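Peer 1:
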Amino acid sequence: MPGEVNRDDSCLFCAIVAGTIPSTRVDEDERTVSFMDINPATDGHLLVVPRAHAVDLTDITPEDLAACALTAQRLARRQLDVLGADGVNLLNCTGEAAWQSVFHFHLHVVPRYAGDPERDGLSLPWLPSPGDPDRIAATGRRLQGGADG
1 MPGEVNRDDS
11 CLFCAIVAGT
21 IPSTRVDEDE
31 RTVSFMDINP
41 ATDGHLLVVP
51 RAHAVDLTDI
61 TPEDLAACAL
71 TAQRLARRQL
81 DVLGADGVNL
91 LNCTGEAAWQ
101 SVFHFHLHVV
111 PRYAGDPERD
121 GLSLPWLPSP
131 GDPDRIAATG
141 RRLQGGADG
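Going by the UniProt record's numbering, 22 is the number at position 22 of the sequence shown; the sequence numbering is gapless.
1. Could you tell me which residues DSSP puts in a beta bridge with Gly140?
2. Excluding the 5 residues preceding and the 5 following Phe35 in the sequence, name in chain order all residues of the same chain whose CB lies nearer than 7 Å to its CB.
3. Would the beta-carbon of Val110 fall within 8 Å of that of Asn89?
4. Check each candidate in His104, Tyr113, Glu118 and Trp126 and name the one with the smallest Cα separation from Ser10.
5. So the candidates are Asp86, Leu127, Gly87 and His106; which of them puts its Cα closest to the Cα of Gly95?
6. Which ranges would you report for the beta strand (DSSP E) in the UniProt domain "HIT" (12-119) if only whole runs of at least 3 residues count?
7. Relative to the C-alpha of Arg119, which residue among Gly44, Gly19 and Arg135 is closest?
8. Would you mind working out which of Leu143, Ala114 and Thr139 sits nearest Gly131, comparing C-alpha positions?
9. Can you give me the C-alpha to C-alpha distance between Val5 and Ala66, rounded to a whole angstrom?
10. What separation, rounded to the nearest whole angstrom, lies between the Cα atoms of Arg7 and Ala76?
11. State the DSSP-derived secondary structure class of residue 193, mapped to helix, strand or coil.
12. Which residue's Cα is closest to the Cα of Leu12: Glu28, Thr42 and Ala52?
Here you go:
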């Protein structure tokens, strides 16, 4: 691919992008590389990463974020069409408290298979339930017009 990109020599995903660590690649373009997750939640679970190192969602450039989102969309369609998935979850984890374990921005593109525990044993990590309306509104007001860095 043309041009050099920023890399972190200690980053697992930078090594995968560079080809110094093996992976099962499914897609790549000028800005992104996509490969199968070696710890899959479901059959067909893959990752989309930018070629340029970015620690997380707060660090990635808008251009690379857009490229990753478009790649994830294209691959989600492929999971539905090729794998016969019934749905797809898209997940990003930013920070250790949010389950980020590799500190190179990545999107998990996770195909879902309704009623097929052999292919899909993933379940929600929380049970959605109504929140306190006043607390929701107060938190929303705090976020309105906040600093965007």
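In this text, a Cβ means the ideal position worked out from N, Cα and C, and glycines have one as well.
Quantities reported herein were computed from a predicted structural model and do not represent experimental measurements.
Peer 2: Once the coordinates are examined:
1. Your numbering for residue 140 matches position 140 in the sequence shown. Note: Gly140 is not bridge-paired with any residue in the DSSP secondary-structure output.
2. For the purposes of this step, residue 35 is taken as residue 35 along the sequence shown, with counting starting at 1. Excluding residues within five positions, the ones whose Cβ falls inside 7 Å are Ile16, Ser23, Thr24, Arg25, Val26, Leu46 and Leu47.
3. Residue numbering aside, residue 110 sits at position 110 when the sequence shown is read from its first letter. Residue numbering aside, residue 89 sits at position 89 when the sequence shown is read from its first letter. Yes, the Cβ-Cβ distance between Val110 and Asn89 is below 8 Å.
4. Taking the first residue of the sequence shown as position 1, residue 10 is located at position 10. Of His104, Tyr113, Glu118 and Trp126, the residue nearest in Cα terms is His104.
5. Residue numbering aside, residue 95 sits at position 95 when the sequence shown is read from its first letter. Of the candidates Asp86, Leu127, Gly87 and His106, the one whose C-alpha sits nearest the C-alpha of Gly95 is His106.
6. 25-28, 32-36, 46-50, 87-91 and 107-112
7. Within the sequence shown, residue 119 is the residue found at index 119, counting from 1. Of the listed residues, the one whose Cα sits closest to Arg119 is Gly44.
8. What you label residue 131 is simply residue 131 of the sequence shown in a count that begins at 1. The candidate whose alpha carbon is nearest that of Gly131 is Thr139.
9. As a first step, residue 5 must be located in the sequence shown, where it is residue number 5. As a first step, residue 66 must be located in the sequence shown, where it is residue number 66. Going from the Cα of Val5 to the Cα of Ala66 covers about 17 Å.
10. Counting from one through the sequence shown, the residue named residue 7 turns up at place 7. Counting from one through the sequence shown, the residue named residue 76 turns up at place 76. Whole-angstrom Cα-Cα distance: 27 Å.
11. The first residue shown for the chain is 1 and the last is 149, placing residue 193 beyond what the model contains.
12. Looking up residue 12 in the sequence shown gives position 12. Closest in alpha carbon position to Leu12, among Glu28, Thr42 and Ala52, is Ala52.
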